[in-house]
Amino acid sequence: MFKEINPKEIDTNLIKAIADEWMLISAGDENGYNMMTASWGFAGEMWGADSVVAMIRPQRYTMEFVNKSDYFTLSFYGDNKEIHKVCGSKSGRDVDKTELTGLNPVFSDNTVYFNEARLVLVCKKQYVQRLEEECFIDKEPLKWYAEKDYHYMIIGKIEKVLVKE
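Printed below as a string of structure tokens:
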């Protein structure tokens, strides 16, 4: 069972969770969805609302679902890296990641998340923009883009926070 809390009551260090625990970015509905592992992103205050920024490369299948959806989720699974071995290395175009991971989807709040999560952020998409090479003041991060496949930055307003009871 999940319990809803206020975003300001999250007791997880989100910088540490995103970087070390990783997360799934998910979007879609009963008619189709996908999820991917991510270890880049952040949370804070934007436009007067508790918000997140998710980063997705353009070739990722999940980006197609984010583009079609008004909502997406970020979900965290503790030390369970088995989920991320699948969701970070396989494409939902080629395999059924839900079957391979054993995750149980929950379709709610205009999006999808998974019952196995310990923490879920349900987010309403507010802004999407692809990073542009000419906007990098510090050129050092360009080392991450040998293929020039610059991430899309998705800003989402946190609409709901769910924690496992």
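If you're matching positions, the sequence shown starts at 111 in the numbering used here and goes up one per residue.
C-beta atoms are modelled at their ideal positions from N, C-alpha and C, and glycine is treated no differently.
Using C-beta distances below 7 Å, list every residue in its chain close to residue i, excluding the 5 sequence neighbours before and after it, in chain order.
i    : result
E140 : F217
R170 : M146
H261 : M165, I166, R167, L241
I115 : V271, V273
Check the DSSP bridge columns for residue i and list the partner residues they point to.
i    : result
D130 : Looking at the DSSP assignment, D130 forms no beta bridge with any residue, so it has no partner.
R240 : Y262
A137 : N144
F246 : According to DSSP, F246 bridges with nothing at all.
K274 : F112
K267 : S161, K234
Among the options, whose alpha-carbon lies nearest the alpha-carbon of residue i?
i    : options                : result
E269 : K235, P215, R203       : K235
D180 : G266, S161, W157       : G266
E226 : A153, L241, A129, V273 : V273
I125 : D160, A148, A153, L134 : A153
I193 : K178, T172, I128, L134 : L134
M156 : L252, K253, C233       : C233
R203 : E119, A127, G142       : G142
G138 : L252, I247, P215, A159 : P215
Looking only at its own chain, which residues have a Cβ that is under 8 Å from the Cβ of residue i, when we skip the five neighbours before and after it?
i    : result
I264 : V163, A164, M165, I166, V176, F182, K235, Y237, V238
K207 : N144, M145, V196, C197, K200, L213
T122 : F186, L229
E250 : none
M173 : I166, R167, Y262
A256 : none
Beta-carbon separation of residue i and residue j under 9 Å?
i    : j    : result
S136 : T221 : yes
K191 : W150 : no
V271 : P117 : yes
E244 : K258 : no
A159 : I128 : no
CB-CB under 6 Å to residue i, same chain, minus the five flanking residues each way: which ones, in chain order?
i    : result
G188 : R228
E275 : M111, K113
K178 : none
Point to revise | Start-end ranges of the beta strand (DSSP E) lying completely within the segment 187-235, minimum 3 residues | key: 215-218, 221-224
Checklist entry - Quick one: complete alpha helix (DSSP H) runs, 4+ long, within the segment 149-194? => result 171-178
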